[in-house]
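Counting in my numbering, the sequence shown runs from 160 upward without gaps.
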Amino acid sequence: MEVEIAKCYQKYDLGHQALAVLFPVIYLPYLGLSSKEKYLEPSKQPVIKKTALREWVDAIIFAVVAALIIRTFIFEAYTIPTPSMEKTLLEGDYLFVSKMSYGPRVPNTPISFPFVHNTLPFTRYTKSYVEWFRLPYYRFPGFGKIKRNDPVVFNYPTGDTVVLERQNEDYYRIVRMAEEEFKMGMGSRYREGMGREAVWRTYHVVARPIDKRENYIKRCIALPGDTVQIIDRQVYLNGKEMPNPPLLQFNYLIRTEGRGLSSRVLERLDISKEDIGWFQQYAILPLTNDNVKQISKIPGVIEVKPQLAPAGEWSPDIFPFDSAYRWNVDNFGPLYIPRKGDEVSLNLKNLPLYRRIIEVYEKNKLDVKGNKIFINDKEAHSYCFQQNYYWMMGDNRHNSADSRYWGFVPEDHIVGKAVFVWLSLDKDKSLADGKIRWNKLFRVPR
160 MEVEIAKCYQ KYDLGHQALA VLFPVIYLPY LGLSSKEKYL EPSKQPVIKK TALREWVDAI
220 IFAVVAALII RTFIFEAYTI PTPSMEKTLL EGDYLFVSKM SYGPRVPNTP ISFPFVHNTL
280 PFTRYTKSYV EWFRLPYYRF PGFGKIKRND PVVFNYPTGD TVVLERQNED YYRIVRMAEE
340 EFKMGMGSRY REGMGREAVW RTYHVVARPI DKRENYIKRC IALPGDTVQI IDRQVYLNGK
400 EMPNPPLLQF NYLIRTEGRG LSSRVLERLD ISKEDIGWFQ QYAILPLTND NVKQISKIPG
460 VIEVKPQLAP AGEWSPDIFP FDSAYRWNVD NFGPLYIPRK GDEVSLNLKN LPLYRRIIEV
520 YEKNKLDVKG NKIFINDKEA HSYCFQQNYY WMMGDNRHNS ADSRYWGFVP EDHIVGKAVF
580 VWLSLDKDKS LADGKIRWNK LFRVPR
């Protein structure tokens, strides 16, 4: 269609038609609005005989455009890079993500190198997109809305800032750790912000638009308007116990007589080598309820003990990173999940819960002066949320970087729903040793 529109403005050469295909949101409006360009209806256009080479080029351009449209608005292929969703989705699974399920988004950065995410091929850090032209957030209607327990792909919420040399780590955690180091080392000479300044001096730090942040896949636990709480590993929604996914797993301490568990046993349990932690006769393994029963019956296994962080034990890496909220991975909340249009009272105690929403996701200026909170230079005692938010967690609960570590997932970060696994490869094996998991192919995530 873009090529035919270009022809209406007498753009028959390959260069102009390529511009129409690659940058339609810029080039086509330019043709229509420019006083230098004249429109010629299709019936009056000259018939131009194409060479065989030109026909091949046109066919390739058409295929690229069709693939880009499908990738942007219909479905996209993804790979599971970590074991955070095991056993539901395995590390090495290749799956299709439906963007029509919740409605496709208009790309924030439409001018970008095709078929790559945020970095140009064969480069370390070069951006694959331009930032001087951006489109506002808009989502087309989809087939439905997000439901509890859906496997959802989304852009990493705290991936707005990235340390290029440490891209697999959360920027804000790097800064928090640096601040703590300066506090301990500098004593009374410490000044807030010294850790952040050191990070920026030491590394290359960049900002990324929403659609170019890393893609994560987790299970939707709580919807907008829900209140989520975790008590001794069990999730509660609105005060009621939430049914667990069938393949949910937690970490267990395995004590053996000394020889450990064989690789054959671990393979039968589908346990990734990345998740195994051995120390002499002890091992920490992520297990489902069925796995626990199987391992308990193995000769030489003395004890299978669940790992549990007790209530009141504060983990500084857990959202909202404030010692006033003594939460951890196994005991968390209660926490209200914001819904568009809902209003919450604001005070200094609950501000850490919603500060990032107000400042970053909804782009307000926020200041605290004494005991007073100011939003956009006006004193605020409440706040009305401008979009919906979700709570996402992995099925491998003790080995998942999820909402417990970075908080809410905004609606404008939602990419789509995982709908079909078409290939599954075991990274710990060669092709001859059974790299392809034949029994895991062509399945629908549950």
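Cβ coordinates follow ideal geometry from the N, Cα and C atoms, glycine included.
These figures come from a predicted structure and were not determined experimentally.
Taking only three categories from DSSP, how would you classify residue i?
| i | result |
| --- | --- |
| residue 179 | helix |
| residue 343 | helix |
| residue 291 | coil |
| residue 399 | strand |
| residue 365 | strand |
| residue 271 | strand |
| residue 285 | coil |
| residue 551 | strand |
| residue 512 | helix |
| residue 473 | coil |
| residue 588 | coil |
| residue 319 | coil |
| residue 186 | helix |
| residue 352 | coil |
| residue 374 | strand |
| residue 492 | strand |
| residue 314 | strand |
| residue 381 | strand |
| residue 389 | strand |
| residue 595 | strand |
| residue 636 | No statement about residue 636 is possible, as the shown extent of the chain runs from 160 to 605 and does not include it. |
Which same chain residues, not among the five before or five after residue i, have their C-beta less than 8 Å away from its C-beta?
| i | result |
| --- | --- |
| residue 290 | 268 and 368 |
| residue 472 | 485, 487 and 490 |
| residue 381 | 307, 387, 396, 496, 549 and 550 |
| residue 578 | 234, 254, 255, 256, 257, 260, 603 and 604 |
| residue 519 | 319 |
Cβ atoms of residue j and residue i: under 8 Å apart, would you say?
| i | j | result |
| --- | --- | --- |
| residue 564 | residue 478 | yes |
| residue 364 | residue 322 | yes |
| residue 412 | residue 464 | yes |
| residue 311 | residue 573 | yes |
| residue 378 | residue 308 | yes |
| residue 236 | residue 253 | yes |
| residue 167 | residue 198 | yes |
| residue 584 | residue 251 | yes |
| residue 164 | residue 192 | no |
Between residue i and the rest of its own chain, which residues show a CB-CB distance below 7 Å, the 5 nearest in sequence each way excluded?
| i | result |
| --- | --- |
| residue 406 | 246, 247, 447 and 554 |
| residue 293 | 267, 268 and 368 |
| residue 300 | 262 |
| residue 391 | 467, 489 and 490 |
| residue 545 | 499 and 521 |
| residue 560 | 243 |
| residue 510 | 532 |
| residue 504 | 540 and 541 |
| residue 366 | 319 and 320 |
From this set, the options, which residue's C-alpha is nearest residue i's C-alpha?
| i | options | result |
| --- | --- | --- |
| residue 241 | 234, 574, 400 and 557 | 557 |
| residue 337 | 356, 238 and 325 | 356 |
| residue 161 | 221, 326, 196 and 497 | 221 |
| residue 538 | 507, 552, 419 and 295 | 507 |
| residue 551 | 303, 256, 314 and 183 | 314 |
| residue 296 | 582, 604, 569 and 589 | 569 |
| residue 108 | 501, 598, 474 and 409 | Residue 108 lies beyond the residue range present for the chain, which begins at 160 and ends at 605; the question has no answer from this structure. |
| residue 284 | 271, 204, 211 and 324 | 324 |
| residue 600 | 339, 580, 330 and 459 | 580 |
| residue 458 | 476, 470, 427 and 417 | 417 |
| residue 567 | 529, 588, 384 and 264 | 384 |
| residue 207 | 172, 594 and 453 | 172 |
Cutting at 6 Å between CB atoms, please list the residues of its own chain near residue i, excluding the five before and the five after it.
| i | result |
| --- | --- |
| residue 451 | 463 |
| residue 441 | 414 |
| residue 534 | 523 and 525 |
| residue 461 | 414 |
Tell me whether residue i, by its Cβ, gets closer than 7 Å to a heavy atom of the ligand NAD.
| i | result |
| --- | --- |
| residue 491 | No copy of the ligand NAD appears in this structure; indeed no ligand is present at all. |
(message) Please give the ranges of any alpha helix (DSSP H) in the stretch 405-469, keeping only runs that are unbroken, at least 4 residues long and fully inside the region.
(response) Here the runs fully enclosed are 422-427 and 448-455.
(message) Threshold first: 3 residues or longer. Then list the beta strand (DSSP E) segments lying entirely within the stretch 498-545, N to C.
(response) The stretch 498-545 contains these whole beta strand (DSSP E) runs: 502-504, 525-528, 531-534 and 541-543.
(request) With a floor of 3 residues, list each beta strand (DSSP E) that falls wholly inside the stretch 552-586, ordered by position along the chain. (result) Secondary structure in the stretch 552-586: the beta strand (DSSP E) runs of 3 residues or longer, each lying completely within the stretch, are 573-583 in chain order.
(message) Which complete beta strand (DSSP E) runs does the stretch 197-259 hold, if anything under 3 residues is left out?
(response) Runs found: 234-238 and 252-257.
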